[in-house]
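Going letter by letter, the sequence shown gives residues -18 to -1, 1 to 1040 in mature numbering (1 follows the signal peptide of the UniProt record, and there is no 0).
Reading through the structure tokens given below for one structure.
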Amino acid sequence: MPVCTAILLLLKVALTYGIPNIYLEERFDDGVGWKNRWVQSKHRSDYGLFTISHGKFYGDAQVGIGLQTTQNSRFYAASRKFDIMPENLSGPLVIQFSVKHEQKIDCGGAYIKILSGKINQTDFHNSSSYYIMFGPDICADSKVLQMILRYNDTYFTWAHRVNCKSDRLTHVYTLVIHQNLTYKVLIDLKIVKSGLLLEDLQFLVPASKSEGKTDVVDEEEGTSTEDPAIRSTQVEGYTDEFLSYDSTNKKARPDKFNRQVKDILNREKKVRPSTCSKDSETQIVKPTHMDLNFYKGIGAVGIDVWQVKAGTIFDNILITDDESYAIRFAKKTWQLYKYPEKHMKEKLHEEEEIEQDREQARKWKLNFASDGKEREKEKGEYATSRNKELGDETSSITEEDTRDSNVDKGAPLLAKREAMLDQMCSSPPAKKKMRFDAWSKVLIENELVDRMGQTSGILGLSENIVVRDVESYSVEGQQKIRRAGAKRRRWAARKSHRCNRSDSQKTREQNLNKRNRNVGIMPKFEQRADEPLESFVKRLADCLKEREIKLLSEVVEMVGREGAVRLYEATAKLENEGGMMTKDGSRRRLPGGIFMQLAKEDSEAGDKVKQLFKKDRLEKRSLRRKLGLAVTVDKQVESDLAVRMVVWLLTRASTATLLPFLSVTFFAFVASGDPNVYLYERFDDGDAWKNRWVQSSHSANYGRFKRTYGRYFANWRNNMGIQTSQNARFYALSRKLDTVFDSRNKTFVLQYSVKHEQNIECGGAYIKVLSAETDLNDFNGLTPYYVMFGPDICGYERKVHVIFGYKGKNLELDRELHFEPDNLTHVYTLMLFPNMTYKVSIDQSVVSQGNLEDHWSFLPPKFIKDPKAKQPDDWDSRKTIIDVNDTKPDDWDKPKTILDPNAVKPDDWNDEINGEWRPPEIPNPEYKGEWKPREIKNPNYQGVWSAPYIYNPEYVADPYLVAHADVGAVGFEMWQMKCGTIFDNILITDDPQFAEKVANETWRAYIDLEKLRLNEYLEKKGKSKEKADESENQNLKNAEDGDELRVEGGQAVANDEL
């Protein structure tokens, strides 16, 4: 019975995860073990050497280790065999690897080659046959992604030009070839190009019957040699890497070296052109048929590149037939560490700039300290040395020619040298200025040195010869090729476009869309003859900007291609007229949305399209509810290998003797594949929680918890938790972990759920992570803790605490994480990663993430201002200065007040009694105040002086800022004015995917139902309150009526007594 159960479980695992074939997975993470797998080619003695390194900057020191080039201006050739040789290619072929150019690369390749399993690795070189070449290639301004495939001894190159990444960060390159001969090229997990191989591959061959072969004639023997596989002229003594810059790419196009190099090469060999008169004419040949099983002979991978400047790191080379596994592998080895790597690179760049500034300052000091007389002396020596270079005819120039104190001493000498050289030259100089051809000059120099080196001892050059082994490159020829290519691309753009329009028209339309958002101009879309449905749908999706290609394909099948074109024209017309609004009127529909809406309203296929959309919605809803499909779990590499091993054994088991072994292997895999869970508290086992949790006895007034699922809930078992039960109390409750957690070099995940059933106004709901040695009976607010995490409410201040205990200090996050409280359950998650980064999530949505050192003050700053630095005395920090040329105008000085000219002497004024009458003073309208010279911008302004930054001697890096070896307990220690908070599903693990799965099972699956139950509870509560208010009002009314009766009765008795 256990054997049958194991078989069923194995089949379920096989159906769920598939059986990927991993032909090669190279991570270079086993120290020097890579040397046993990789073979350095011995074809040449001067091949560059590889080394294992993670580089200067990296996201993770272990994951970032790769194979790095170490020597400048060298060829590199190394290869290794596959782990598993493919018997047949029943699925796709996936090639993936990562590249990081730590150097500022100007010229060099970083591609890999897929080789035959029978290749001689010790003789592997650039002319060795290969199946596929794929990867980035950089040469000056040309930064392209190369893809070359061999089929039936013919090399086909990619017809598209895709730019590769040229920065100094790690990038992942992926090539996927499917059985239907469609392909995808991804850079950093983003598709940059896809299509059909038969359409996008081409081979440039001569149009003559002789296939453009050129015969090389040996003068002594008169024999001819030819190489039909490469279709290039071979000269004895010279390899392809020396002849052509593009020889490693196997592109059969004319060699790019100039006439001077041809003359040198033809001194030893005579090249006789072919007898065909049309060898210069070429045609583009495309493959007519291809079969992916042709590549079943692959069995090795090689790196064969040239690099002027070394420093490129190759890593994470993967050859498989499972595209989804390759994506998971890239996420695990690259995506998780790209931001830490970028951050480390930026810090390194800052340090390099600081060091460069210091070096420049030292050079300036040395230059300014040198004496002027020494510089004049050097000029005179330079002029004398240039004089000697002219030989016997120019040696008559003496030092008297340079005795001119008003001009440079070297100028008369150089002028006379030029005049003398003009007289010696029999022909006038050419009018056209020669262009400097750097690569040709080096090649000619190497050729001359080889010729001179053959006659050892002549001129003593044999001991000083230095050969610069570089590829030939003609600047002038390259410029001609670029101009021709640009002209060819312009004509091709006019003839066809993927959306039947030119690039210039597309640019104009994009600019029009930017200026007027209410008008959408869509490209013209036409149906092509004999076009596959996949290509038709892809073009339509590009024009509609629609991402749901699968859904669009099904709609096209329902309405037909002509109907799709008709709907597209209607969509373009609506978009041109202003578009179509959504049903609620909140925004405009996208072109794809308009197309789908018109398809629903179609008279012929509208009902079918509606049923399709209804089915699609139901499928997505069911996928969201099925937690196993709603979450993409990236399994560990060991788990994936175990799955593949078990399923492989099961499918190949031919006798019953393997079944017990399979069951044992499966259960061993299950035991090893489970995540490490150190605490998972659900409070679903009755009162047993009281045996695990300890109520602190530090104070007798601590509030008590009770086990309950609250007033409203979605599922009583999953929503069962512990609730605060007393108002205006402190709470202190804690428990030990199931296993002590050593979080060093591991991921730490803390997650729990909180539900405030009360309308809380002041109170905390955070959790504390404690040491294993903490006395839980004395747990209180002063107990040291490692982490304090969770929500806290105090009036209008509502935030999530993330506080770490570090060396006796409690350090809080440098920003506030706000939240809006309500009466629903919410999940709070804290993740701490080994690469010193963190992530905080609320309800599975990230609210904060980054580097720990950037957001908490664990350590002193790495750089500080130099305390010994002082501001120079001549430093001018004044932004403005007084204009010394400004003068005061002649009419500036005016009195502040003047006598009122409109004043009139009063009639009753008596001069004898009141004195002489004077008009009153009023403000002078022409008064301009005290004159001050104007201020102008200071031309010598140097800015605000700031001391330069230096390394802080007190800064010491700590790899374990928030990691501890004895994480052993958790506790709730808080104050609540109004009780009613429920805590549940407390989890501590090292697997983020498992935490996400728990949140989906315990929260996301029930949150919608909980909202419904909350609304029902509030509605019921409102009705009960209305009934209570009505009853209270009725009682008050009855009471008032009784008082009136008693008053009236008392009055009647009084009247009777009277």
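Using N, Cα and C, we set each Cβ at its ideal position, and we do this for glycine too.
Source: prediction; values computed, not measured.
Is the separation between the beta-carbon of residue i and that of residue j shorter than 8 Å?
i, j, result
"L127", "I114", "no"
"residue 1042", "E333", "The question about residue 1042 has no answer here: the residues shown for the chain are numbered -18 through 1040."
"S80", "D304", "no"
"I824", "H808", "yes"
"S678", "N759", "yes"
"T302", "Y112", "no"
"W838", "D865", "no"
"D584", "V519", "no"
"K63", "A312", "no"
"P74", "N3", "no"
"F723", "I970", "yes"
"A141", "L168", "no"
"E978", "Q826", "yes"
"residue 1044", "F840", "The shown model of the chain, from -18 to 1040, leaves out residue 1044, and the question about it has no answer."
"Y909", "K887", "no"
"L752", "Y734", "no"
"R717", "R689", "no"
Kindly list the residues whose CB is nearer than 8 Å to the CB of residue i, restricted to its own chain and excluding five residues on each side of it in sequence; keep chain order.
i, result
"E755", "D948 and G950"
Is DSSP giving residue i helix, strand or coil here?
i, result
"V541", "helix"
"Y29", "coil"
"N162", "coil"
"C776", "strand"
"S23", "coil"
"M326", "helix"
"M959", "coil"
"K596", "helix"
"K737", "strand"
"L556", "helix"
"K63", "strand"
"F577", "helix"
"K1003", "helix"
"K728", "coil"
"G99", "coil"
"W985", "helix"
"K532", "helix"
"L372", "Below a pLDDT of 50, predicted positions are generally treated as unreliable, and L372, at 49, falls in that range; the measurement from the model is reported next regardless. Here L372 sits in coil by DSSP."
Excluding the five sequence neighbours on either side, which residues of its own chain have a C-beta within less than 6 Å of the C-beta of residue i, listed in chain order?
i, result
"D972", "N658, K728 and T729"
"Q161", "L274"
"G703", "F665, I964, F965 and D966"
"N1020", "none"
"V154", "S80, D170, A312 and W316"
"L526", "P573, G574 and F577"
"R860", "N920"
If we count the other Cβ atoms within 10 Å of its Cβ and call it buried at 16 or more, is residue i buried or exposed?
i, result
"T164", "buried"
"E335", "exposed"
"V538", "buried"
"S72", "exposed"
"residue 1041", "Given a span of -18 to 1040 for the chain in the structure shown, any question on residue 1041 remains unanswerable."
"D65", "exposed"
"G745", "buried"
"G48", "buried"
"residue 1123", "Since the first and last residues shown for the chain are -18 and 1040, residue 1123 lies out of range."
"Y942", "exposed"
Within the same chain, show all residues whose beta-carbon is closer than 7 Å to that of residue i, passing over the 5 residues directly before and after it, in chain order.
i, result
"I846", "Y931, I932 and N934"
"W891", "W899"
"D720", "Y660 and L661"
Just to check my reading of the structure: residue i and residue j have Cβ atoms closer than 8 Å, yes? What is that Cβ distance to the nearest angstrom?
i, j, result
"T879", "E912", "Incorrect: roughly 15 Å between the Cβ atoms, too far for contact."
"K82", "I295", "4 Å"
"V37", "V287", "Correcting the residue identity first, residue 37 is Gly in this sequence and not Val. Wrong, their Cβ atoms sit about 17 Å apart, outside the cutoff."
"C146", "C121", "That pair is no contact at about 11 Å."
"R1008", "A714", "The amino acid at residue 1008 is misidentified as Arg; the sequence shows Glu. Actually they do not touch by this definition, with Cβ atoms about 41 Å apart."
"N54", "A292", "5 Å"
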